[in-house]
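If you're matching them up, the sequences are chains A and B in order.
Residue numbering for the first sequence follows this note's numbering, starting at 510 and increasing by one per position.
Residue numbering for the second sequence follows this note's numbering, starting at 3 and increasing by one per position.
Glycine included, every Cβ here is placed at the ideal spot set by N, Cα and C.
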Amino acid sequence: MTNVLDVRDLRKTYGDTTAVDGISFAVGRNEIVGLLGPNGAGKTTTINMVLQILEPTSGLITIDGISAQGNRSTVLSRTNFAAVYAELPGNLTVRQNLRIFGLIYNVSSLSHRIEEVLDMFDLQKFGHTRCGLLSSGEQTRVALAKAILNKPKLLLLDEPTASLDPSSASIIREHIQSFAHGGESGVLWTSHNMHEVEDVCDRVLFLSHGKILLEGDPKILPAAHGKKDLEELFITVAREPLSLEND
Amino acid sequence: MNFKRAYAVYLRYLFIMRGNPQRFFNIFVWAIMDIVLWGFITKYFNALGGPAFNLVTTLMGAVILWAFLVRAQQGVSTPALEDTWTHNHINYFASPLSVGEYTLGLVFSSVITSLIGLVFVAVLAGLLFGVNVLILGFSLLPFLLILFLFGIALGIMAIALILRFGPSAEWIIWPIPALIEPFCGVLYPVSVLPGWMQAISKVLPPTYVFAGMRALLTGGQFSVQELVAGFVLSIAFLLLAYVLFEYIFRYAVRYGLIARFGAEGS
């Protein structure tokens, strides 16, 4: 079976600045891949290129076996995302937002699907509330409900639990794990919470200065590099990436 | 082209209008002010000039038609600005929604707001000042069509400016109709303008509408050829605006302007 995401030699430069430097990776079906790295490492730039809102300088992106080049609408109909910087319009209610994006993603049996995601993210009581009136945690749940509305083959999550309390974050993680492992979907997940990443991700990629520095199972990767846990490994990537390149 | 996606863009604006009645203020209040202000000005001019020439229908007809063009332009640009204010462009353009579908959805919105605005000002002008826009007969339809197409073209250019310059484009968009109005001969024949202004008038479709309207209302010669020229020009502006929007969209994707929208790309 094909991967849900294949990225080959992806590069983005702005003049003399290289934001993403020829990275290649894949996300398989039923797999949650963590894209990790310090601020400015190139995580969001990579996600934006996959989402087609940023044109790569070079490289290839294939989603669900279809090249993204020249097939923007087709590949994006198989994708969805939630990001802290892309909240849903605050002047519409939760149900209105879900209906609009359900139409855009051509969701079949939309009314039924809206009820499903409202139940899944415990949002029924907020259905007729404008998103702008919700707490940041509730807004995150709405964004996640929108993100899985079309049962995307590729789900991109940019720090999805950043504004959630530990209990809500745990419930959300369970939902996303069950979504990824229950169907044919794959998830690319960025987070700065290393305990969460270790708990959720099947594989992690460490980005530093636009390059993939390390890749592997988050449960065994730290020990393989002489670190006690993922957080210590992350700090090393952020502060002394050269020491890992020479490993 | 997926019409369901275009409908979603239109539906979003409908939800906003339905949930925020104060948004109708923009459709009605400026129109009321125009009608009231120009109604009394023309009545005053009529009183000064005597019964020789009735200014009311000519000037008020012009005000009504110009208000229609403005509503058509704002019918496209205001929902696009709503997307700017709520940072929704990233949600839209990271989805399967295409530039064409987004534009069509905004055009649907414009049809509704401009028609509501037109009926409202026409009825108001009739009630307050006895103006009957239907006196223009079947000519009214091509006049409205040309103004609508040109208004949509201006609206699409406005969206391109929003994508290019970010939220600050708002300050360029609102004055667009006012910047064009002096060249179009809305309230006076373009023959009173200096040569360089007349040259610009010739490429603006509304010029032919307002010249035709004045000719009809004053019993002068009405040129069908000029009306056709106005129609062709409005189509040309529409195509040009769409090409510009597509170009700016590709530019915005290449330089990450959508992803960094709040930063107001330079």
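Buried/exposed call for residue i, threshold 16 Cβ in 10 Å
| i | result |
| --- | --- |
| threonine 670 (chain A) | buried |
| glutamine 223 (chain B) | exposed |
| tyrosine 46 (chain B) | exposed |
| proline 269 (chain B) | No answer is possible for residue 269 (chain B): it lies beyond the span of chain B, which begins at 3 and ends at 268. |
| lysine 204 (chain B) | exposed |
| glutamate 693 (chain A) | exposed |
| tyrosine 249 (chain B) | exposed |
| histidine 621 (chain A) | exposed |
| valine 76 (chain B) | Valine is not the amino acid found at residue 76 (chain B); the sequence shown has glutamine there. That one is buried. |
| glutamine 578 (chain A) | exposed |
Length of the line joining the Cα atoms of residue i and residue j
| i | j | result |
| --- | --- | --- |
| leucine 607 (chain A) | aspartate 36 (chain B) | 39 Å |
| glutamate 266 (chain B) | leucine 163 (chain B) | Low confidence applies to glutamate 266 (chain B): its pLDDT is 46, below 50, so where it sits in the model is not reliable, and the reading given next is rough at best. Going from the Cα of glutamate 266 (chain B) to the Cα of leucine 163 (chain B) covers about 11 Å. |
| phenylalanine 122 (chain B) | leucine 664 (chain A) | 47 Å |
| tyrosine 167 (chain B) | lysine 728 (chain A) | Rather than tyrosine, the amino acid found at residue 167 (chain B) in this sequence is phenylalanine. C-alpha separation (whole angstroms): 46 Å. |
| threonine 511 (chain A) | alanine 678 (chain A) | 30 Å |
| leucine 143 (chain B) | arginine 14 (chain B) | 29 Å |
| threonine 555 (chain A) | threonine 566 (chain A) | 12 Å |
| isoleucine 613 (chain A) | glycine 646 (chain A) | 25 Å |
| phenylalanine 239 (chain B) | tyrosine 210 (chain B) | 14 Å |
| isoleucine 43 (chain B) | threonine 60 (chain B) | 12 Å |
| leucine 206 (chain B) | arginine 73 (chain B) | 17 Å |
| asparagine 557 (chain A) | methionine 215 (chain B) | 51 Å |
| cysteine 710 (chain A) | alanine 535 (chain A) | 14 Å |
| leucine 165 (chain B) | glutamate 564 (chain A) | 15 Å |
| phenylalanine 17 (chain B) | valine 188 (chain B) | 34 Å |
| tryptophan 32 (chain B) | lysine 720 (chain A) | 55 Å |
| serine 141 (chain B) | tyrosine 523 (chain A) | 54 Å |
| proline 196 (chain B) | glutamine 561 (chain A) | 49 Å |
| glycine 102 (chain B) | leucine 666 (chain A) | 27 Å |
| alanine 201 (chain B) | glutamate 228 (chain B) | 15 Å |
Partner residues on chain B for residue i, Cβ-Cβ distance less than 9 Å
| i | result |
| --- | --- |
| alanine 595 (chain A) | His89, Asn90, Ile92, Asn93 and Ala96 |
| asparagine 615 (chain A) | Asn4, Lys6, Arg7 and Pro98 |
| serine 586 (chain A) | Ser97 and Pro98 |
CB contact flag (residue i, residue j, <9 Å)
| i | j | result |
| --- | --- | --- |
| asparagine 589 (chain A) | arginine 7 (chain B) | no |
| isoleucine 680 (chain A) | aspartate 628 (chain A) | no |
| leucine 519 (chain A) | glycine 568 (chain A) | yes |
| isoleucine 66 (chain B) | valine 135 (chain B) | yes |
| phenylalanine 150 (chain B) | phenylalanine 212 (chain B) | no |
| tyrosine 12 (chain B) | glycine 107 (chain B) | yes |
| threonine 88 (chain B) | asparagine 600 (chain A) | yes |
| leucine 722 (chain A) | leucine 730 (chain A) | no |
| phenylalanine 247 (chain B) | isoleucine 158 (chain B) | yes |
| methionine 19 (chain B) | phenylalanine 30 (chain B) | no |
| leucine 219 (chain B) | isoleucine 148 (chain B) | no |
| serine 462 (chain A) | asparagine 4 (chain B) | An answer regarding residue 462 (chain A) cannot be provided, because it is not within the stretch 510 to 756 covered by chain A. |
| valine 58 (chain B) | phenylalanine 131 (chain B) | yes |
| valine 269 (chain B) | alanine 124 (chain B) | Examination of residue 269 (chain B) is not possible in this model, given that chain B is present from 3 through 268 alone. |
| lysine 521 (chain A) | threonine 699 (chain A) | no |
| isoleucine 260 (chain B) | isoleucine 154 (chain B) | no |
| leucine 673 (chain A) | valine 626 (chain A) | no |
Residue i at chain B interface by Cβ criterion, 9 Å
| i | result |
| --- | --- |
| leucine 663 (chain A) | no |
| asparagine 589 (chain A) | yes |
| threonine 602 (chain A) | yes |
| alanine 592 (chain A) | yes |
| threonine 522 (chain A) | no |
| threonine 554 (chain A) | yes |
| arginine 639 (chain A) | yes |
Proximal residues of chain A, C-beta to C-beta of residue i below 9 Å
| i | result |
| --- | --- |
| lysine 45 (chain B) | Simply none; closest approach about 41 Å. |
| asparagine 28 (chain B) | Under the 9 Å cutoff, chain A gives no residues; its nearest Cβ is about 15 Å from asparagine 28 (chain B). |
| leucine 13 (chain B) | Gln605, Arg608, Ile609 and Leu612 |
Chain A contact for residue i (CB, 9 Å cutoff)
| i | result |
| --- | --- |
| isoleucine 18 (chain B) | yes |
| lysine 204 (chain B) | no |
| glycine 258 (chain B) | yes |
| tyrosine 190 (chain B) | no |
| valine 109 (chain B) | no |
| arginine 252 (chain B) | yes |
| isoleucine 84 (chain B) | Looking at the sequence itself, residue 84 (chain B) is glutamate, so the reference to isoleucine does not match. Yes, glutamate 84 (chain B) lies at the interface with chain A (some Cβ there is under 9 Å from its Cβ). |
Neighbour list for residue i in chain B, Cβ cutoff strictly below 7 Å
| i | result |
| --- | --- |
| glutamine 605 (chain A) | Phe17 |
| glycine 599 (chain A) | Thr88 |
| serine 582 (chain A) | Pro98 and Ser100 |
Under 7 Å from the C-beta of residue i: neighbouring residues of chain A
| i | result |
| --- | --- |
| alanine 261 (chain B) | Asn557, Ile562 and Leu563 |
| alanine 10 (chain B) | Ile609, Leu612 and Ile613 |
Chain-ordered chain A contacts of residue i [CB-CB under 8 Å]
| i | result |
| --- | --- |
| valine 255 (chain B) | Gln561, Ile562, Leu563 and Glu564 |
| asparagine 22 (chain B) | Asn600 |
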